[in-house]
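So the structure is just underneath, and the comments pick up after that.
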Amino acid sequence: MKFQSRTYCGSLRKAAAGRRVLAAGWVDALRDHGNILFVHLRDRSGIIQVVFNPDKTPGVRAEAGRLKEEYCVAVRGEVVVRRPGSENPALETGEVEIIADELTILNPSPILPFPISEKAMVAGGAVAGDAVGEDLRLQYRYLDLRRPSMQENLVRRYRIIKCARDFLDSREFVEIETPVLTKSTPEGARDYLVPSRVHPGCFYALPQSPQLFKQILMFSGFERYFQVVRCYRDEDLRPNRQPEFTQLDIEAAFIDEEFIYELLEELTVRMFAVGGIDLPRPFPRLPYREAIDSFGTDRPDLRFGLRFIEATDIFSGTGYAVFRKIIEQGGLIKGINVRGQSAALSKNILQNEYAQRLVPEFGARGMTWMRVAGDTLESNIVRFFTAGERTNILERFGAGDGDVILMIADQNPQIVTDALGRLRLHLGNRLGLIPEGEYRPVWITDFPLFEAAEDGLTSRHHPFTAPDRDDFDPGDREDLLSLRSRAYDLVVNGEELGGGSIRINSADLQARIFRALGLEDTVARERFGFFLDALKYGAPPHGGIALGLDRVTAMILGAPSIREVIAFPKNRAAACPLTGAPSPVDREQLRELNLADAGERSAVPAPEDIDLVSSLSWVSRIGIREGERSALEAAVGEAKDAAERAGERAGEEEPLYSPIKAGGRERTGRDPRVHPLARDGSLLKGAPSAKNGYFKVPAILE
Amino acid sequence: MKTKKKPLLSLNRRPAADGRGELAGVSVLISPNFSVRGRPAGAVSRALKGFTAPEDSTAVRLLREAGAAFPGAPRISEMGFGLAGDTTAATLEGTRCTAALGLDTLGEIRVAATGAAVTGYKPSYGIFSRAGVIGLVPSMECPGVAARDISPIRKIAAVLATVDEEDFSMLRRGLPDFRRDGPPGGRPATLGVIRECLAALLPEETEALRQAVAILEKRGYTVREVTLPDFDIFPLAHQIIGSVEASSSAGNYDGVRFGYRAKDCGNWNEMYIKTRGEAFGTLLKSYLFQGAYFQFRDYAAFENACRIRRRLVEETEKIFGEVDFLLLPTRRHGREVGEEKTVAGTYQAFAFTLPANVTGSPAVSLPGFAVSGGTDLGLQVVGPHLSDARLLEFAGRIADSRGGAPGPVKPGGGGTG
Numbered sequence: 001m002k003f004q005s006r007t008y009c010g011s012l013r014k015a016a017a018g019r020r021v022l023a024a025g026w027v028d029a030l031r032d033h034g035n036i037l038f039v040h041l042r043d044r045s046g047i048i049q050v051v052f053n054p055d056k057t058p059g060v061r062a063e064a065g066r067l068k069e070e071y072c073v074a075v076r077g078e079v080v081v082r083r084p085g086s087e088n089p090a091l092e093t094g095e096v097e098i099i100a101d102e103l104t105i106l107n108p109s110p111i112l113p114f115p116i117s118e119k120a121m122v123a124g125g126a127v128a129g130d131a132v133g134e135d136l137r138l139q140y141r142y143l144d145l146r147r148p149s150m151q152e153n154l155v156r157r158y159r160i161i162k163c164a165r166d167f168l169d170s171r172e173f174v175e176i177e178t179p180v181l182t183k184s185t186p187e188g189a190r191d192y193l194v195p196s197r198v199h200p201g202c203f204y205a206l207p208q209s210p211q212l213f214k215q216i217l218m219f220s221g222f223e224r225y226f227q228v229v230r231c232y233r234d235e236d237l238r239p240n241r242q243p244e245f246t247q248l249d250i251e252a253a254f255i256d257e258e259f260i261y262e263l264l265e266e267l268t269v270r271m272f273a274v275g276g277i278d279l280p281r282p283f284p285r286l287p288y289r290e291a292i293d294s295f296g297t298d299r300p301d302l303r304f305g306l307r308f309i310e311a312t313d314i315f316s317g318t319g320y321a322v323f324r325k326i327i328e329q330g331g332l333i334k335g336i337n338v339r340g341q342s343a344a345l346s347k348n349i350l351q352n353e354y355a356q357r358l359v360p361e362f363g364a365r366g367m368t369w370m371r372v373a374g375d376t377l378e379s380n381i382v383r384f385f386t387a388g389e390r391t392n393i394l395e396r397f398g399a400g401d402g403d404v405i406l407m408i409a410d411q412n413p414q415i416v417t418d419a420l421g422r423l424r425l426h427l428g429n430r431l432g433l434i435p436e437g438e439y440r441p442v443w444i445t446d447f448p449l450f451e452a453a454e455d456g457l458t459s460r461h462h463p464f465t466a467p468d469r470d471d472f473d474p475g476d477r478e479d480l481l482s483l484r485s486r487a488y489d490l491v492v493n494g495e496e497l498g499g500g501s502i503r504i505n506s507a508d509l510q511a512r513i514f515r516a517l518g519l520e521d522t523v524a525r526e527r528f529g530f531f532l533d534a535l536k537y538g539a540p541p542h543g544g545i546a547l548g549l550d551r552v553t554a555m556i557l558g559a560p561s562i563r564e565v566i567a568f569p570k571n572r573a574a575a576c577p578l579t580g581a582p583s584p585v586d587r588e589q590l591r592e593l594n595l596a597d598a599g600e601r602s603a604v605p606a607p608e609d610i611d612l613v614s615s616l617s618w619v620s621r622i623g624i625r626e627g628e629r630s631a632l633e634a635a636v637g638e639a640k641d642a643a644e645r646a647g648e649r650a651g652e653e654e655p656l657y658s659p660i661k662a663g664g665r666e667r668t669g670r671d672p673r674v675h676p677l678a679r680d681g682s683l684l685k686g687a688p689s690a691k692n693g694y695f696k697v698p699a700i701l702e
Numbered sequence: 001m002k003t004k005k006k007p008l009l010s011l012n013r014r015p016a017a018d019g020r021g022e023l024a025g026v027s028v029l030i031s032p033n034f035s036v037r038g039r040p041a042g043a044v045s046r047a048l049k050g051f052t053a054p055e056d057s058t059a060v061r062l063l064r065e066a067g068a069a070f071p072g073a074p075r076i077s078e079m080g081f082g083l084a085g086d087t088t089a090a091t092l093e094g095t096r097c098t099a100a101l102g103l104d105t106l107g108e109i110r111v112a113a114t115g116a117a118v119t120g121y122k123p124s125y126g127i128f129s130r131a132g133v134i135g136l137v138p139s140m141e142c143p144g145v146a147a148r149d150i151s152p153i154r155k156i157a158a159v160l161a162t163v164d165e166e167d168f169s170m171l172r173r174g175l176p177d178f179r180r181d182g183p184p185g186g187r188p189a190t191l192g193v194i195r196e197c198l199a200a201l202l203p204e205e206t207e208a209l210r211q212a213v214a215i216l217e218k219r220g221y222t223v224r225e226v227t228l229p230d231f232d233i234f235p236l237a238h239q240i241i242g243s244v245e246a247s248s249s250a251g252n253y254d255g256v257r258f259g260y261r262a263k264d265c266g267n268w269n270e271m272y273i274k275t276r277g278e279a280f281g282t283l284l285k286s287y288l289f290q291g292a293y294f295q296f297r298d299y300a301a302f303e304n305a306c307r308i309r310r311r312l313v314e315e316t317e318k319i320f321g322e323v324d325f326l327l328l329p330t331r332r333h334g335r336e337v338g339e340e341k342t343v344a345g346t347y348q349a350f351a352f353t354l355p356a357n358v359t360g361s362p363a364v365s366l367p368g369f370a371v372s373g374g375t376d377l378g379l380q381v382v383g384p385h386l387s388d389a390r391l392l393e394f395a396g397r398i399a400d401s402r403g404g405a406p407g408p409v410k411p412g413g414g415g416t417g
């Protein structure tokens, strides 16, 4: 079969009527009208309806009777305009169809593990939802990726990255590749290690970022570098994290912060525009301290208000013992005014849900609430406040009728801002204050250079970040903690999309920073000697940034998870259900790498069976008790043999799923109803745990 | 088989107050995998620990309405998979109960009946409601009945063969009519033995089946050899399909809606894994892992098994064009069904009964026919789908004429001597 003359399914419109075309693709869906068969044929461009009519081509119609979903086929026929009233507005090609006169089945398909079709065959018809388990989707990723929405995601991802490459190219940046087998760099996460065969006992590390290489490229005089680069971090699992992720890595020489702000704003605006999103410029800048003081986080979501209001001074002479004590101990009182929400926030919710339960979960001891009714304050503690204090509260919070004032007080200021920040997000979601379809970028600046750690200091970003001044004493802890860094984070809608800094370009300053971090000179030399040496040879002033491309793409496309914008992601357990990675390897392979001891296992079952049993335990959510493993290994080994025998003995019959015909399996004439046992609560009686008429379960989200 | 374990429960329910109804005076042991309102279901599995059935299963309700009494429950294997630790046979022998109601997935009720030297009956698929049954393999399992004679089985079957809207897998019409008597004397039946089955029998099993055939031939029945080329892969199809369905069915036991939940679970996943890891015993878990393997690692195997199942149904249907009923031994020689600890062993023990579950055919196991060296392996008579009334009538006829004693029959009647 020659495909040169092939027409894309999605390209057909009324103008093509009368043309004879060759289309090829997959059977998306079928509708059998007894004599006439309608087929949705899908290729990467879209879907066209193909009609098999026994009156016109009985042989072809008969052959088409074999078709099932996802058969790969080629069809020849004439494009005709559909009868009025039979158009399908859900399809771009919905006004036309192909009347097939030739059909070639290129490759059949067994029954699918889950539905792929996303388009209804008739206007208003139903399509299968997204309820397929993610592990199943990942195991059959080649089928999952056939879904038009997944194809769209990956094509758009390509467009977004291409847009970034084109833009950076226009600004005279060059893309340079850096090694994947490299040396451990200090990014704060665990490295993925690769054993070296020729250097027994030595390991490469996969890069957590190309940080040192990109700086060295600046020393080498490229001036403007970028790279779409894979980075690897062996971190604890979180829902929206991948062990490997893609970063848009940028570095430039002879620049300052303003260069980065301008470059990145233009870049992000263009990337978001690919998804039809208009980002407002310039991006506001918010110093770290102000972000914490006003929003309780360095990743503030600016799509809604509820800024914090400082209230400590209002109560400087208060008679209310709780506040007085906190102020005496140098504590902090802050609050927010939830405007016009007193109807939504009843006394019951404020006291029992927020003050008693939610805010303590956020780490604070309690919460003070006041509802404003007319010009008076309503609260369980308001009687402890003087008239002056009450007036001051109303004034300070700019509060009026219907407002709700929430305050958190604690002797530890960080607890106040943390808890209030989480409460702010909670209220934003609960009260629907977060507008859909709005994007609010912000630069967070002036981070502290160091953070206090149990035994000394750590870098807030990484140790190559330039401080705002270089007259510090590496031995003076207080002085060091007062240093700010020349780092910046780009935050959109409460999510950090990227971060970077102006770097240190002096070997002396770099050495003093290492010293401040408690890294002895000899250790620093051992780990970063090559880099300190390189700094000495006229390294130019430079700086850069990296954007997390998976997150950026997911945000632009509105995807619920970064796994939706990655072709072959790992699952939440950092495994790949498609290939089965990670997997044990041959003992021989380990011996070659001088890692023979690492693969030591009890001798009996094959290593792949051990792994198989663990993975089946996970996917079927059945734990393995002590002493049970060998029985399960044997059972699974038996299942493998059975599968093989079934493959040998099965014929071409249609599978039979029940001994009686499906006709008897339909339930008709029943309206949905609440079962009497559910209505009177008996159903909950047998549950291990129930509360307020619901089944009670442990946390669903990590 | 004769374990000394006591029945787990003895509820001593009295018959319906008015003492009337079709089943007045009939007492039925109810296997604990049938829900009985107010009765704890924990005996079925740790997964149901502490759970009390909120309503009757349809089968129990029908029996109750017909005036049957429920004197208690035997012990069963976990979720009724196989007969490991099952006391149905011992309980039937040791009490004066008329009958036992149990779930037949691999042939449990028929093999248990053989153990107690009584009659066991598995109906056609889809004629007795499974609503309220705690089962594992929806497309294979049927409520079955064991009793000393055919007559109470027929009475109970007549009550149970009632269309039930709660069971969507049931037939909606065309259920067998057990209340109508066949023509007096019945028409002569042609019987078949499967060539491929004969070839696979152990010497003792061959001897036992030959015994039974000899009795029936003496009685004037024609016994023919028929061929079922894929007889050897009934267990394969059953195991793959059964384990996959079991793995799905066991999804019910999640520690949320009922039964057991493990302690100290930090999150949702941990709750599932720990709860289900602690809830299921090793034998059942092995079966569920096999099902998970086919579901998640080799789905094609499940489809292949379903293809094989269609072929087996078609081959069986073809045979019923040649003969009226098929004869098979019920249980295997030399296997202690109560002691099987592995899936493979369990399947071997039920190799002769599970074909009827695969095809959905009705089957009756009769004592006293297939005896070898003092061991009664049970004679299974299998009929085509929905031939239940005719099958029970035939079984009654041959059991009656045997006069309760195995061995050569006294001359008389149609015997040729």
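Protein sequence lines correspond, in order, to chains A and B.
Under this note's numbering, think of the first position of the first sequence as 1, with each following residue one higher.
Under this note's numbering, think of the first position of the second sequence as 1, with each following residue one higher.
Even glycine gets a Cβ: it sits at the ideal position worked out from N, Cα and C.
Using a C-beta cutoff of 7 Å, does B:E303 count as contacting chain A? As a working note, residue 303 of chain B is residue 303 in the second sequence. Yes, B:E303 lies at the interface with chain A (some Cβ there is under 7 Å from its Cβ).
Nearest to A:D476 by alpha carbon, out of A:E251, A:R486, A:R515? Residue mapping note: residue 476 of chain A aligns to position 476 of the first sequence, counting from 1. Considering only alpha carbons, the answer is A:R515.
Would you kindly report the start and end of the unbroken alpha helix (DSSP H) that includes A:G59? Reading the first sequence from its first residue, position 59 is the one you call residue 59 of chain A. Looking at the DSSP string, the run of the alpha helix (DSSP H) that includes A:G59 is 58 to 64.
Extent of the continuous alpha helix (DSSP H) run through B:Y299: Within the second sequence, numbered from 1, the residue matching residue 299 of chain B stands at position 299. Per DSSP, B:Y299 belongs to the alpha helix (DSSP H) from 299 to 319.
DSSP on B:E322, reduced to helix/strand/coil? Residue 322 of chain B sits at position 322 when you count from the first residue of the second sequence. Reduced to three states, the DSSP call for B:E322 is coil.
Let me confirm a value: B:L202 is counted as buried when at least 16 other C-beta atoms fall within 10 Å, else exposed. Which label applies? Within the second sequence, the letter at position 202 stands for residue 202 of chain B. Exposed: under 16 other Cβ atoms inside 10 Å.
Neighbourhood of A:K685 by C-beta distance below 7 Å, restricted to the same chain and skipping five residues each side: In the first sequence, residue 685 of chain A corresponds to position 685, counting from 1. Cβ within range, chain order: n/a, list empty.
Return the first residue and the last residue of the alpha helix (DSSP H) that A:R289 is part of. Taking the first sequence and counting its residues from 1, the one referred to as residue 289 of chain A is at position 289. 288 to 295 is the span of the alpha helix (DSSP H), which, as asked, contains A:R289.
When you compare the CB of A:S86 with every CB in chain B, is at least one pair closer than 7 Å? What you label residue 86 of chain A is simply residue 86 of the first sequence in a count that begins at 1. Taking a beta-carbon distance threshold of 7 Å, A:S86 does not count as an interface residue toward chain B.
From B:V226, B:V256, B:K155, B:L391, pick the residue whose C-alpha is nearest to that of B:G67; which is it? By 1-based counting over the second sequence, the position of residue 67 of chain B is 67. Nearest of B:V226, B:V256, B:K155, B:L391 to B:G67, Cα basis: B:K155.
Chain A beta carbons: is any one of them nearer than 7 Å to that of B:C265? Here residue 265 of chain B refers to the residue found at position 265 when the second sequence is read from its first residue. With 7 Å as the cut-off, B:C265 counts as an interface residue toward chain A.
Euclidean distance between Cα positions of B:A112 and A:K696: On the second sequence, position 112 is the one that residue 112 of chain B refers to. On the first sequence, position 696 is the one that residue 696 of chain A refers to. Taking the straight line joining both Cα atoms gives about 41 Å.
Residue range of the beta strand (DSSP E) that A:E451 falls in? Residue numbering aside, residue 451 of chain A sits at position 451 when the first sequence is read from its first letter. It spans 450 to 453 - the beta strand (DSSP E) in which A:E451 sits, taken as one unbroken run.
If you follow the beta strand (DSSP E) that A:E378 is part of, which residue opens it and which one closes it? Your numbering for residue 378 of chain A matches position 378 in the first sequence. A:E378 -> beta strand (DSSP E) spans 376 to 378.
With distances taken Cα to Cα, identify the nearest neighbour of A:L612 among B:G383, B:K318, B:E303, B:F296. As a working note, residue 612 of chain A is residue 612 in the first sequence. For the residues B:G383, B:K318, B:E303, B:F296, the minimum Cα distance to A:L612 belongs to B:F296.
Give me whichever residues DSSP pairs with B:A363 in a beta bridge. Numbered from its first residue, the second sequence carries residue 363 of chain B at position 363. B:A363 is bridged to B:K122, B:V382.
Do the region 247 to 267 of chain B and the region 214 to 221 of chain B make contact, defined as three or more Cβ pairs closer than 8 Å? no
Quick check on this structure: which residue in A:C231, A:Q215, A:F213 has the alpha carbon closest to the alpha carbon of A:L206? Within the first sequence, the letter at position 206 stands for residue 206 of chain A. That would be A:C231, whose Cα lies nearest to the Cα of A:L206.
Does B:T162 get closer than 7 Å to chain A when you measure Cβ to Cβ? Position 162 of the second sequence, counted from the start, is the residue given in the question as residue 162 of chain B. For B:T162, the nearest beta carbon of chain A is not closer than 7 Å to its own beta carbon.
Under 7 Å, Cβ to Cβ, is there at least one residue of chain A near B:Q380? On the second sequence, position 380 is the one that residue 380 of chain B refers to. For B:Q380, the answer is no, since every Cβ of chain A falls outside 7 Å of its Cβ.
At least one CB of chain A closer than 7 Å to the CB of B:A344: is that the case? On the second sequence, position 344 is the one that residue 344 of chain B refers to. Yes - at least one Cβ of chain A is within 7 Å of the one on B:A344.
The region 305 to 320 of chain B: positions lying closer than 7 Å to chain A by Cβ: A305, C306, R307, I308, R309, R310, R311, V313
Can you tell me the Cα-Cα spacing of A:R424 and B:G132, whole angstroms? Counting from one through the first sequence, the residue named residue 424 of chain A turns up at place 424. Counting from one through the second sequence, the residue named residue 132 of chain B turns up at place 132. Distance between the alpha carbons of A:R424 and B:G132 is about 49 Å.
Taking three-plus beta-carbon pairs below 8 Å as touching, is the region 100 to 120 of chain B in contact with the region 36 to 53 of chain B? no
Output, in chain order, the set of chain A residues within a Cβ distance shorter than 8 Å of B:P54. Counted from its first residue, the second sequence places residue 54 of chain B at position 54. The contacting residues are L677, S682, L683, K685, G686.
Taking 7 Å as the CB-CB cut-off, is B:A215 touching chain A? Taking the first residue of the second sequence as position 1, residue 215 of chain B is located at position 215. The residue you asked about is not Ala; residue 215 of chain B is Ile in the sequence shown. Not closer than 7 Å to any Cβ of chain A, the Cβ of B:I215 fails to qualify, so no.
Tell me the DSSP bridge mates of A:Y204? For the purposes of this step, residue 204 of chain A is taken as the residue at position 204 of the first sequence. According to DSSP, which records beta bridges pairwise, A:Y204 is partnered with A:V194.
Segment limits, alpha helix (DSSP H) that includes A:Q151: Start at 1 with the first residue of the first sequence, and residue 151 of chain A comes out as number 151. Going by DSSP, A:Q151 is part of the alpha helix (DSSP H) stretching over 148 to 170.
Which listed residue (B:R173, B:G126, B:L312, B:G266) has its alpha carbon closest to that of A:A699: Locating residue 699 of chain A in the first sequence gives position 699, counting from the first residue. It is B:G266 whose Cα lies nearest to the Cα of A:A699.
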